[in-house]
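Visitor:
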Amino acid sequence: MLLTIQTLFNDANVVQAIIDRVLQRGLDKIYWQQYLKFRRTTTRVFKDYLGTVTGVVAGSINSRYGEKPIRERKSLGSGYGEIAYLGDAYQIDVERLSELQDLIDKYNEAKTADQVAVMNEIVQFITDDYRQVILAPHKRMDIVVGSLLMTGSATVKNKDNADGIELLDIDLPFHFITPTTAQVYDDSKQYFISYLQKKLADLQPQFGKFEKMIMSRGTFIKNIVGSVEFGETFKMILPSQQFSIATGLITSKMASDVLNGVGLPSIEIKEDYVEEQDGTNKQIYADNRITLLRSDDLGWMRHHTPYEATDPVEGRTYRPVGNDNGQMLISNYRDKNGRYMEYTAEWIPQIAAPNKIVNLNLETLNA
Numbered sequence: 037m038l039l040t041i042q043t044l045f046n047d048a049n050v051v052q053a054i055i056d057r058v059l060q061r062g063l064d065k066i067y068w069q070q071y072l073k074f075r076r077t078t079t080r081v082f083k084d085y086l087g088t089v090t091g092v093v094a095g096s097i098n099s100r101y102g103e104k105p106i107r108e109r110k111s112l113g114s115g116y117g118e119i120a121y122l123g124d125a126y127q128i129d130v131e132r133l134s135e136l137q138d139l140i141d142k143y144n145e146a147k148t149a150d151q152v153a154v155m156n157e158i159v160q161f162i163t164d165d166y167r168q169v170i171l172a173p174h175k176r177m178d179i180v181v182g183s184l185l186m187t188g189s190a191t192v193k194n195k196d197n198a199d200g201i202e203l204l205d206i207d208l209p210f211h212f213i214t215p216t217t218a219q220v221y222d223d224s225k226q227y228f229i230s231y232l233q234k235k236l237a238d239l240q241p242q243f244g245k246f247e248k249m250i251m252s253r254g255t256f257i258k259n260i261v262g263s264v265e266f267g268e269t270f271k272m273i274l275p276s277q278q279f280s281i282a283t284g285l286i287t288s289k290m291a292s293d294v295l296n297g298v299g300l301p302s303i304e305i306k307e308d309y310v311e312e313q314d315g316t317n318k319q320i321y322a323d324n325r326i327t328l329l330r331s332d333d334l335g336w337m338r339h340h341t342p343y344e345a346t347d348p349v350e351g352r353t354y355r356p357v358g359n360d361n362g363q364m365l366i367s368n369y370r371d372k373n374g375r376y377m378e379y380t381a382e383w384i385p386q387i388a389a390p391n392k393i394v395n396l397n398l399e400t401l402n403a
């Protein structure tokens, strides 16, 4: 068979082999998958139950022949979720296509026995292009889920529109707390850990026990390490590590050991970044926020069958990206301006019990 760029990008077996190679090699770390799992929805707008029954009321004890009292089942708040449309088309530059053509010429000129090795070179060459395309929607959802976790809201605007039309706007009913200076400071000294201990004791009857608190490193340094009582507690619980607090060599593991010792949740420091389309790195988890979680199992990334799967653009072939990538599809096409690699996906994060997540807004305090 004479191999060409056209057959390479449109041959089902070759494209599937490349996608499989990308998935086998592994993608960059996908941050949202720490908290959510894929779950299909058959409609683009779906019922969203805000909460789960976590505090179950104790059952009644009756006499042997007594009539059982009728109780109302604990109700859940509800709303609606709507799938977001994800997609980009990436143009492959001429220089890269020229390099690819050189490899294709090498394949066509090789003996049959040598063609397997050359085909491996070709697959290896374009694997990174596919990897970028496969990762793109995951990285967008990293930003969205990170924003939801730290602020309870996420907004994405259409940058191609001068009016900045919002394509995605989510607000979650977290339990928000805004500490004041008077509650945390005394004589210009910060007692944030004491404030946390008291606040968690107040929250426990309603929200239960929190497993962890997530925050950026800046928030960790300013509000945890910067708390007056942290140093004394640190020296008391970890005497062999006293040098660490003086030199700033404190890890989240050390801090968690200290806070666990005084009844507070473990700390998880978030230092994750995603590269935006303009080349800048965006910090996923906001500063001046602390989110209290009871577990990492927060809900689902709901996905819907893309429209192109049922009504494809004429002349294009769409390939699924594995079995656990939310029905994402990839296609390749050529027009008068060049050759493109395109993905399409329909996803939206669904936090199952946002009313059981507590968020501390420290922006006023840290100002």
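Residues in the sequence shown are numbered from 37 upward in steps of one, following the working numbering. Built from N, CA and C at the ideal position, the CB exists for glycine as well.
(1) At least one CB of chain D closer than 8 Å to the CB of residue 77: is that the case?
(2) Going by alpha carbons, who is nearest to residue 382 out of 188, 339, 306 and 216?
(3) Going by alpha carbons, who is nearest to residue 362 out of 368, 81, 215 and 121?
(4) Just mark residue 205 as buried or exposed, buried being the case when its beta carbon has 16 or more other beta carbons within 10 Å.
(5) Got a sec? Which residues, its chain only, sit under 8 Å from residue 336 by beta carbon, not counting five neighbours each side?
(6) Using a Cβ distance threshold of 8 Å, determine whether the region 47-59 contacts the region 288-307, with at least three qualifying pairs required.
(7) Name the DSSP bridge partner or partners of residue 231?
(8) For the alpha helix (DSSP H) holding residue 142, just list the boundary residues, first then last.
(9) Look at the alpha carbon of residue 235 and the alpha carbon of residue 317, and state the distance between them as a whole number of angstroms.
(10) DSSP three-state label for residue 192, please.
(11) Quick one: any contact between the region 238-248 and the region 324-331, if contact means 3 or more CB pairs under 8 Å?
(12) Can you tell me whether residue 312 is buried or exposed, with buried defined as 16 or more other CB within 10 angstroms of its CB?
(13) Below 8 Å, can you find three or more Cβ-Cβ pairs linking the region 181-188 to the region 371-381?
(14) Please state whether the Cβ-Cβ distance between residue 146 and residue 154 is less than 8 Å.
(15) Quick check: what's the CA-CA separation for residue 323 versus residue 184?
(16) So, helix, strand or coil for residue 362, using DSSP?
Guide: Well, looking at it:
(1) Looking for chain D here will not work: only one protein chain is present.
(2) Numbered from 1 along the sequence shown, position 346 holds the residue referred to as residue 382. Nearest to residue 382 by C-alpha distance, out of 188, 339, 306 and 216, is 339.
(3) To locate residue 362, count along the sequence shown from 1; it is residue 326. The residue among 368, 81, 215 and 121 with its C-alpha nearest the C-alpha of residue 362 is 121.
(4) On the sequence shown, position 169 is the one that residue 205 refers to. Around the beta carbon of residue 205, fewer than 16 other beta carbons sit within 10 angstroms, so the residue counts as exposed.
(5) The count along the sequence shown starts at 1 and reaches residue 336 at position 300. Only 72, 73, 74, 75, 385, 386 and 388 meet the Cβ criterion.
(6) Segment contact: the region 47-59 against the region 288-307, fewer than three CB-CB distances shorter than 8 Å; contact not assigned.
(7) Taking the first residue of the sequence shown as position 1, residue 231 is located at position 195. Answer by DSSP bridge pairing: none, since residue 231 is not bridged.
(8) Numbered from 1 along the sequence shown, position 106 holds the residue referred to as residue 142. Element bounds for residue 142: 130-145.
(9) Numbered from its first residue, the sequence shown carries residue 235 at position 199. Numbered from its first residue, the sequence shown carries residue 317 at position 281. Here the alpha carbon of residue 235 sits roughly 34 Å from the alpha carbon of residue 317.
(10) What you label residue 192 is simply residue 156 of the sequence shown in a count that begins at 1. Of the three classes helix, strand and coil, the one that applies to residue 192 here is strand, per DSSP.
(11) Yes, they touch.
(12) Looking up residue 312 in the sequence shown gives position 276. Under this definition residue 312 is an exposed residue.
(13) Taking a cut-off of 8 Å on C-beta distances, the region 181-188 does not touch the region 371-381, as fewer than three cross pairs fall below it.
(14) For the purposes of this step, residue 146 is taken as the residue at position 110 of the sequence shown. For the purposes of this step, residue 154 is taken as the residue at position 118 of the sequence shown. Taking the C-beta atoms as reference points, residue 154 is found nearer than 8 Å to residue 146.
(15) Walking along the sequence shown from the start, residue 323 turns up at place 287. Walking along the sequence shown from the start, residue 184 turns up at place 148. Spanning the two alpha carbons is a distance of roughly 13 Å.
(16) Against the sequence shown, residue 362 aligns to sequence position 326. Correct three-state label for residue 362: coil.
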